[in-house]
Amino acid sequence: MKAKIIITPKHAVVDPQGKAVQSALEHMGYTGIQAV
-8 MKAKIIITPK HAVVDPQGKA VQSALEHMGY TGIQAV
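So the sequence shown is numbered by the numbering used here: it starts at -8 and just counts up by one.
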């Protein structure tokens, strides 16, 4: 299964939840994640 999800918040906003989700996905073996 492949999924492409694009979410574009304001660039000035730091998203700690997004960083946590990205880190969790990488630890689960997902590759190619550029930003969350």
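Glycine is no exception: its CB is placed at the ideal position from the N, C-alpha and C atoms. Bear in mind that the values here come from a model prediction, so they are computed numbers and not experimental data.
Contacting residues, own chain, Cβ-Cβ under 8 Å from residue i (five flanking each side not counted)
i     : result
ALA26 : GLY9, GLN13
7 Å CB neighbourhood of residue i in its chain, flanking five on each side removed
i     : result
ILE24 : GLN13, LEU16, GLU17
Nearest-angstrom Cα separation, counted from residue j out to residue i
i       : j     : result
LYS(-7) : TYR21 : 11 Å
ILE(-4) : MET19 : 17 Å
ALA11   : VAL4  : 15 Å
6 Å CB neighbourhood of residue i in its chain, flanking five on each side removed
i       : result
GLU(-2) : Note that residue -2 corresponds to Ile in the displayed sequence, not to Glu. Once the five neighbours on either side are set aside, ILE(-2) has no close Cβ partner at all.
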